[in-house]
Structures are given as C-alpha cells and as structure tokens.
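Q:
In structure tokens:
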C-alpha cells in the first residue's frame, strides 16, 4: 500500500489542546511549509484516552480529529517512563498532574514514589499517529533515554522536563533551548522519522 504524504501548503490538524506542544510541533514543522492547526482552533472536544498503550491513545486522538475536520490529523501520545516505577507514569503521565495538569505536583509524586531507589533510569517516549478521515492510521515512535534528577531545574520546556537529564548531557531538558532539546528529544526523533516518511519533499 502506498504511504500517504503531506505536501507543502497542506493543512494538518494537531490533535491536542496543549499550547506548549503546539508551539513545539510548529517549530519542528517550520521548514516543511505544512500548516499546523491545533484541535482547539476547531473547537474539538478531547476524546477519552482509554487505550492501554501510547499507540492506542495516539490513534484515538488522531482519528477523532481527522473525522471531525475532514483533514489529516497528527496526534502524539507521550509519556515519562521511570524504570524503578515499572515504567510509570507512562501513559498516565498527564494524569499524574491531576485535573489542573499541575506538573510540579506530578514531578513531586515521581520523586516521592521513587523514594531511595538507586536506579534513576528514565525515558521519554512518543508515538505519533497520522490519521485520515477514511480511518487509515500510520505510526512512528521516538525515544530519549536518560535519568531522573532532583530537584527540578530550568524554565524551558513543559511537563517533566525539569527533572530529566538525557544520556550524554549534564543539563535537564528544561535548561536547554528549544533547538537543543528538539535535536535529541523523543518528539524530535519521532517527528524526523515522520518527516522522512510522510511529508513529501519539495518538487
């Protein structure tokens, strides 16, 4: 089956209401000429993410946005996976922030639940799903391994960035510029795969 491709000038719905994530995707897509619009721009409701995997949740979000707008839609489901917590918070990473998405609370919970654990390994994982209104869905995955660091530091990024140091670095994600983070992040890696496969090169 021929893989569908997004072309320069096409509109693509990002199936997210998260403004930090929207800004990150718009920066990553800047050179492609693809017009990224958020789900919020279409007043789309947020579907229930009740799958048991990153892939399943990404598919739910992307298909809902594609079918509601009649446009191709891109969704990501990402999580912070801590080895000593058996991969948690994982697919529940956003929920650990509670109703208000309070990631200061979520980071504190990670720290508290790790306790005296000596294994600090963690990874950010992203699965991207490109969905079309007819129900087709395609996936890529990106991963960035590193370790949990305490206390939180840095003012950039979002989510768990202030407590994650990627392998090969001494700084947390939140201490990096957007460009530095995007070069090595889970989402940056996934999106570069996505670009290579699903975004048509300029004619």
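Residue numbers (the working numbering): 1118 to 1320.
Glycine included, every Cβ here is placed at the ideal spot set by N, Cα and C.
As the structure is a computational prediction, the values presented were derived from the model and not from experiment.
Enumerate in chain order the residues of its own chain whose CB-to-CB distance from residue 1173 is below 7 Å, with the five nearest sequence positions on each side excluded.
A: Working through the chain shown from its first residue, we reach residue 1173 at position 56. Taken in chain order, the list of residues that qualify is empty.
Q: Could you tell me whether the stretch 1247-1259 touches the stretch 1224-1235, where touching means 3 or more Cβ pairs closer than 8 Å?
A: The stretch 1247-1259 vs the stretch 1224-1235: no contact.
Q: From which residue to which residue does the alpha helix (DSSP H) around residue 1313 run?
A: Along the chain shown, read from residue 1 onward, the residue named residue 1313 stands at position 196. 1303-1315 is the span of the alpha helix (DSSP H), which, as asked, contains residue 1313.
Q: What number of angstroms, rounded off, separates the C-alpha of residue 1259 from the C-alpha of residue 1151?
A: Counting from 1 along the chain shown, the entry for residue 1259 is found at position 142. Counting from 1 along the chain shown, the entry for residue 1151 is found at position 34. Straight-line Cα distance between these residues: approximately 21 Å.
Q: Just mark residue 1149 as buried or exposed, buried being the case when its beta carbon has 16 or more other beta carbons within 10 Å.
A: Mapped onto the chain shown, residue 1149 falls at position 32. Residue 1149 should be labelled buried.
Q: Run the CB neighbour count on residue 1243, radius 10 Å, all protein chains shown included, and call it buried at 16 or more, exposed below.
A: For the purposes of this step, residue 1243 is taken as the residue at position 126 of the chain shown. With 16 or more Cβ atoms within 10 Å of its Cβ, residue 1243 is classed as buried.
Q: Roughly how many whole angstroms lie between the Cα atoms of residue 1186 and residue 1133?
A: In the chain shown, residue 1186 corresponds to position 69, counting from 1. In the chain shown, residue 1133 corresponds to position 16, counting from 1. Straight-line Cα distance between these residues: approximately 14 Å.
Q: With DSSP as the reference, label residue 1225 as helix, strand or coil.
A: For this step, residue 1225 is matched to residue 108 along the chain shown. It is helical.
Q: Using only alpha-carbon positions, find the residue among 1130, 1128, 1144 and 1121 that is nearest to residue 1274.
A: Indexing the chain shown from 1 puts residue 1274 at position 157. Measuring C-alpha to C-alpha distances from residue 1274 to each of 1130, 1128, 1144 and 1121 identifies 1144 as the nearest.
Q: Given a threshold of 16 other Cβ atoms within 10 Å of its Cβ, counted over all protein chains shown, does residue 1265 qualify as buried or as exposed?
A: Here the question's residue 1265 lines up with position 148 in the chain shown. Classification for residue 1265: buried.
Q: Whose C-alpha, out of 1140, 1214, 1252 and 1206, is nearest the C-alpha of residue 1170?
A: What you label residue 1170 is simply residue 53 of the chain shown in a count that begins at 1. Per the Cα distances, 1206.
Q: Give me the Cα-Cα distance between residue 1313 and residue 1257, rounded to the nearest whole angstrom.
A: On the chain shown, position 196 is the one that residue 1313 refers to. On the chain shown, position 140 is the one that residue 1257 refers to. Their backbone Cα atoms lie some 11 Å apart in a straight line.
Q: Tell me residue 1215's beta-bridge partners as DSSP assigns them.
A: Numbered from its first residue, the chain shown carries residue 1215 at position 98. According to DSSP, residue 1215 bridges with nothing at all.
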